[in-house]
Amino acid sequence: MAAGDAVQVRPARGSLRPLVSGATLVALLALLFGLPWWTLTVAARWPAPVVAAGTSVFVVALVAFPVLMYLGHGRRRLDAAARAGDTLLGLVWILFVWALIGNAARLPLAAAGVADPARSRAVAVGAAVVSVVLAVWGYAEAMRVPRVRRVDVTVDRLGAGLDGVRVVLLTDTHYGPINRARWSARTTEVVNGLAADIVCHTGDIADGTVDQRRAQAAPLGAVQARLARVYVTGNHEYYGEAEGWVEHMRTLGWEPLHNRHLVVERGGARLVVAGVDDLTAASSGVAGHRADHAGALAGADPRLPVLLLAHQPKQIDDAVAAGVDLQLSGHTHGGQMWPFHYLVRLDQPVVQGLSRHGQTQLYTSRGTGFWGPPFRIFAPSEITLLTLRVR
Numbered sequence: 001m002a003a004g005d006a007v008q009v010r011p012a013r014g015s016l017r018p019l020v021s022g023a024t025l026v027a028l029l030a031l032l033f034g035l036p037w038w039t040l041t042v043a044a045r046w047p048a049p050v051v052a053a054g055t056s057v058f059v060v061a062l063v064a065f066p067v068l069m070y071l072g073h074g075r076r077r078l079d080a081a082a083r084a085g086d087t088l089l090g091l092v093w094i095l096f097v098w099a100l101i102g103n104a105a106r107l108p109l110a111a112a113g114v115a116d117p118a119r120s121r122a123v124a125v126g127a128a129v130v131s132v133v134l135a136v137w138g139y140a141e142a143m144r145v146p147r148v149r150r151v152d153v154t155v156d157r158l159g160a161g162l163d164g165v166r167v168v169l170l171t172d173t174h175y176g177p178i179n180r181a182r183w184s185a186r187t188t189e190v191v192n193g194l195a196a197d198i199v200c201h202t203g204d205i206a207d208g209t210v211d212q213r214r215a216q217a218a219p220l221g222a223v224q225a226r227l228a229r230v231y232v233t234g235n236h237e238y239y240g241e242a243e244g245w246v247e248h249m250r251t252l253g254w255e256p257l258h259n260r261h262l263v264v265e266r267g268g269a270r271l272v273v274a275g276v277d278d279l280t281a282a283s284s285g286v287a288g289h290r291a292d293h294a295g296a297l298a299g300a301d302p303r304l305p306v307l308l309l310a311h312q313p314k315q316i317d318d319a320v321a322a323g324v325d326l327q328l329s330g331h332t333h334g335g336q337m338w339p340f341h342y343l344v345r346l347d348q349p350v351v352q353g354l355s356r357h358g359q360t361q362l363y364t365s366r367g368t369g370f371w372g373p374p375f376r377i378f379a380p381s382e383i384t385l386l387t388l389r390v391r
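In the UniProt record's numbering, the protein residues as written are 1 to 391.
Here is the structure:
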């Protein structure tokens with residue numbers, strides 16, 4: 001083959017990538033919408049008018065979904081379209097999951113002597129009823145002020161003067177297309193009722209710019225803490241304006257720990273509170289942003305215990321290498337909508353709760369808010385109160 005021929009082949013291969021990506025997306029959408037459609041309409045052998053009506057609903061939803069997501073999360077960022085698209089995504093996910101479970105129930109129903117069409121209609125009605133109940137309940141769970149989750153954490157190197165120090169963790173508030181300014185204010189009231197020594201926010205404050213979400217984030221300025229209010233960036237800050245959020249949090253009275261630390265003291269004991277940028281910061285194009293554990297701890301007394309803020313749980317390996325005592329993270333939302341936590345677990349070492357990694361402990365919050373679909377199913381939100389204890 002001549003050199004000129006080789007040069008011609010490479011663009012041809014490259015041109016297949018958009019086609020492959022597009023075909024994959026179409027296949028996923030066809031499966032996501034197609035299984036519930038088949039289960040709830042065709043397989044149940046309803047009368048023709050019912051099948052036609054159900055088919056029309058699913059076709060309209062399938063066509064509208066990519067349009068809504070493009071208008072809501074593309075360049076135009078129309079909040080109304082984002083709300084509709086995100087809600088539709090959540091509803092079809094719930095229907096897909098329970099249609100899948102319903103179809104798995106066909107075998108035991110058949111073994112019990114239930115014949116078609118009664119069997120298929122029982123599956124269709126069961127999947128629809130469970131989906132409606134979970135959607136209503138999941139929406140209420142997403143919109144409610146988070147419950148307080150209380151966790152005691154023993155820190156080996158903690159000085160006696162800091163025994164019982166109260167650390168409140170907020171994360172993944174995701175102020176977005178649904179205006180949650182009142183929710184934000186009520187969440188702040190709960191936080192202030194916990195009499196925290198340190199309040200932490202481990203990122204993903206909002207989806208959008210400071211100007212878009214200023215009113216929703218404003219109550220963060222009223223958060224109270226005796227020793228420190230500290231914040232690090234999450235991956236969603238880098239989808240918008242990370243520097244803008246860092247500066248805005250500073251104006252609200254928080255200390256952005258942009259690869260740096262501070263030292264708090266109580267009763268003659270000291271604690272290093274450090275923070276690193278999100279794992280995605282290095283590839284974001286934002287100058288000077290990357291996760292830098294060495295920089296965050298530069299100049300810190302190596303004898304002191306270290307509390308580290310890092311948005312993603314999988315940043316734990318670097319924390320272990322840096323000798324961190326306790327890392328606080330979010331990002332996973334606890335899966336947010338069951339059984340999505342199984343997919344989250346493929347990407348992260350932990351989905352939620354307290355875990356140990358060598359000499360370092362990691363606490364992963366299920367998140368204070370929600371992202372995208374306004375539903376939380378078997379993954380409740382939380383405001384975390386961690387009480388640090390001396391061994």
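Ideal Cβ positions, reconstructed from N, Cα and C, are used throughout, including at glycine. Bear in mind that the values here come from a model prediction, so they are computed numbers and not experimental data.
Query - Simplified DSSP assignment, three categories, for Gly275 - result: Translated into the one-based positions of the sequence shown, residue 275 becomes position 275. Of the three classes helix, strand and coil, the one that applies to Gly275 here is strand, per DSSP.
* Counting only runs that start and end within the region 221-278, where is the beta strand (DSSP E) found for 3 or more residues in a row? -> 228-231, 260-266 and 269-275
Original post:
Which of helix, strand or coil does DSSP assign to Gln315?
Top reply: In the sequence shown, residue 315 corresponds to position 315, counting from 1. Of the three classes helix, strand and coil, the one that applies to Gln315 here is helix, per DSSP.
Just curious, the beta strand (DSSP E) that Ile383 is in, first and last residue? For the purposes of this step, residue 383 is identified with residue 383 of the sequence shown, where counting begins at 1. Per DSSP, Ile383 belongs to the beta strand (DSSP E) from Glu382 to Val390.
Note to self: Is the beta carbon of Gly240 closer than 7 Å to that of Gly193?
What the structure shows: Counting from 1 along the sequence shown, the entry for residue 193 is found at position 193. Counting from 1 along the sequence shown, the entry for residue 240 is found at position 240. The answer is no: Cβ separation not under 7 Å.
Is Tyr342 buried or exposed, if buried means 16 or more other CB atoms sit within 10 Å of its CB? Taking the sequence shown and counting its residues from 1, one reaches residue 342 at position 342. By the 10 Å Cβ count, Tyr342 comes out exposed.
Return the first residue and the last residue of the alpha helix (DSSP H) that Leu100 is part of. In the sequence shown, residue 100 corresponds to position 100, counting from 1. Start and end: Asp79 to Ala104.
Exercise for the section: Please name the residue, chosen from Ala115, Leu62 and Gly295, that lies closest to Leu25 on a Cα-to-Cα basis. Expected result: For the purposes of this step, residue 25 is identified with residue 25 of the sequence shown, where counting begins at 1. If we check each option's Cα against that of Leu25, Leu62 comes out closest.
(Q) Quick check on Ala206: does DSSP put it in helix, strand or coil? (A) For the purposes of this step, residue 206 is identified with residue 206 of the sequence shown, where counting begins at 1. Strand at Ala206.
Notebook entry, point to check: Apart from the five residues just before and just after Gly4, which ones in its own chain have a Cβ nearer than 8 Å to its Cβ?
Noted result: The residue you call residue 4 lines up with position 4 of the sequence shown. Because the pLDDT at Gly4 is just 39, under 50, the model does not fix this residue reliably, and the point stays unresolved.
Item to complete: Tell me where the beta strand (DSSP E) around Leu169 begins and ends.
Response: The count along the sequence shown starts at 1 and reaches residue 169 at position 169. Segment Val165 to Leu170, the beta strand (DSSP E) holding Leu169.
Gly358, enclosing beta strand (DSSP E) - first and last residue
As a working note, residue 358 is residue 358 in the sequence shown. Where Gly358 is concerned, there is no enclosing beta strand (DSSP E), given that its DSSP letter is neither H nor E.
Point to revise | The beta strand (DSSP E) enclosing residue 395, as first and last residue numbers | key: Outside the displayed span of the chain (1 to 391) sits residue 395, for which this structure offers no information.
C-alpha distance - Leu100 paired with Ala124, whole-angstrom precision:
Here residue 100 refers to the residue found at position 100 when the sequence shown is read from its first residue. Here residue 124 refers to the residue found at position 124 when the sequence shown is read from its first residue. Distance between the alpha carbons of Leu100 and Ala124: 11 Å.
inquiry  = Could you give the first and the last residue of the continuous alpha helix (DSSP H) run that contains Ser284?
reply    = Numbered from 1 along the sequence shown, position 284 holds the residue referred to as residue 284. Element bounds for Ser284: n/a, residue is neither H nor E.
When burial is assigned at 16 or more other CB atoms within 10 Å of the CB, is Gln312 buried or exposed?
By one-based count along the sequence shown, residue 312 stands at place 312. Per the 10 Å Cβ criterion, buried.
Exposure of Gln336, with buried meaning 16 or more beta-carbon neighbours within 10 Å: Locating residue 336 in the sequence shown gives position 336, counting from the first residue. Buried, by the Cβ-count rule.
* Skipping 5 residues on each side, what residues in its chain have a beta carbon closer than 7 Å to that of Ala81? -> Within the sequence shown, residue 81 is the residue found at index 81, counting from 1. Cβ neighbours of Ala81 beyond the five flanking positions: Leu68, Leu71 and Gly72.
So the beta strand (DSSP E) Val151 belongs to, where does it begin and stop? As a first step, residue 151 must be located in the sequence shown, where it is residue number 151. It spans Arg147 to Val155 - the beta strand (DSSP E) in which Val151 sits, taken as one unbroken run.
*Residue environment, Pro302, which counts as buried when at least 16 other CB atoms sit within 10 Å*: Against the sequence shown, residue 302 aligns to sequence position 302. Per the 10 Å Cβ criterion, exposed.
**Asked** Leaving out five residues before and five after Ala215 in sequence, what residues of the same chain have Cβ atoms less than 7 Å from its Cβ?
**Response** Along the sequence shown, read from residue 1 onward, the residue named residue 215 stands at position 215. Closer than 7 Å at Cβ, skipping near neighbours: Ala181.
Exercise. Using CA coordinates, which residue listed in Gln352, Gln359 and Gly372 is at the minimum distance from Arg366?
Worked result: The residue you call residue 366 lines up with position 366 of the sequence shown. Considering only alpha carbons, the answer is Gln352.
Item checked: Residue from Arg75, Thr41 and Gly113 with nearest C-alpha to Val59 -> For this step, residue 59 is matched to residue 59 along the sequence shown. Considering only alpha carbons, the answer is Thr41.
(request) Count the other C-beta atoms from every protein chain shown that fall within 10 angstroms of the C-beta of Gln327, then say buried if there are 16 or more, exposed otherwise. (result) Here the question's residue 327 lines up with position 327 in the sequence shown. Flag for Gln327 reads buried.
Q: Taking all protein chains shown into account, decide if Pro66 is buried (16 or more other Cβ within 10 angstroms of its Cβ) or exposed.
A: Mapped onto the sequence shown, residue 66 falls at position 66. With fewer than 16 Cβ atoms within 10 Å of its Cβ, Pro66 is classed as exposed.
Beta-carbon proximity list for Glu141, same chain, < 8 Å, skipping 5 on both sides: Reading the sequence shown from its first residue, position 141 is the one you call residue 141. Answer for Glu141: Phe375, Arg376, Ile377, Pro380 and Ser381, listed in chain order.
### Query
Ala274 and Val223 look like a contact to me (Cβ under 8 Å); what is the Cβ gap, rounded to whole Å?
The residue labelled residue 274 in the question sits at position 274 within the sequence shown. The residue labelled residue 223 in the question sits at position 223 within the sequence shown. At roughly 20 Å, the Cβ-Cβ gap does not stay under 8 Å, so Ala274 and Val223 are not in contact.
Proximity of Ser120 and Ala44 at Cβ, strictly below 7 Å: As a first step, residue 120 must be located in the sequence shown, where it is residue number 120. As a first step, residue 44 must be located in the sequence shown, where it is residue number 44. In this structure, Ala44 lies closer than 7 Å to Ser120 by Cβ.
Between which two residues does the alpha helix (DSSP H) harbouring Val133 extend? Mapped onto the sequence shown, residue 133 falls at position 133. Val133 -> alpha helix (DSSP H) spans Ala118 to Met143.
request  = Out of Thr154, Trp38, Val145 and Leu91, state which residue places its alpha-carbon closest to the alpha-carbon of Gly102.
outcome  = Position 102 of the sequence shown holds residue 102. If we check each option's Cα against that of Gly102, Trp38 comes out closest.
Using the Cα positions of Ala127 and Ile94, report the straight-line distance between them to the nearest angstrom.
Mapped onto the sequence shown, residue 127 falls at position 127. Mapped onto the sequence shown, residue 94 falls at position 94. Spanning the two alpha carbons is a distance of roughly 9 Å.
Which residues in the same chain as Leu16 place their Cβ atom closer than 6 Å to its Cβ, once the five residues preceding and following it in sequence are excluded? For this step, residue 16 is matched to residue 16 along the sequence shown. Residues of the same chain with their beta carbon placed closer than 6 Å to that of Leu16 are lacking, with the five preceding and five following residues left out of the count.
Give a yes or no on whether the C-beta atoms belonging to Gly164 and Gly268 are separated by under 7 Å. Reading the sequence shown from its first residue, position 164 is the one you call residue 164. Reading the sequence shown from its first residue, position 268 is the one you call residue 268. No, the pair does not count as a contact, with Cβ atoms beyond the cut-off.
Given Val210, which residues of its chain have a CB within under 7 Å of its CB, disregarding the five upstream and five downstream residues? Your numbering for residue 210 matches position 210 in the sequence shown. Excluding positions up to five away in sequence, the list reads Glu241, Gly244, Trp245 and His248.
*asked:* Am I right that Leu309 and Leu271 are in contact with their C-beta atoms under 8 Å? What's the rounded C-beta distance?
replied: Numbered from its first residue, the sequence shown carries residue 309 at position 309. Numbered from its first residue, the sequence shown carries residue 271 at position 271. Actually they do not touch by this definition, with Cβ atoms about 13 Å apart.
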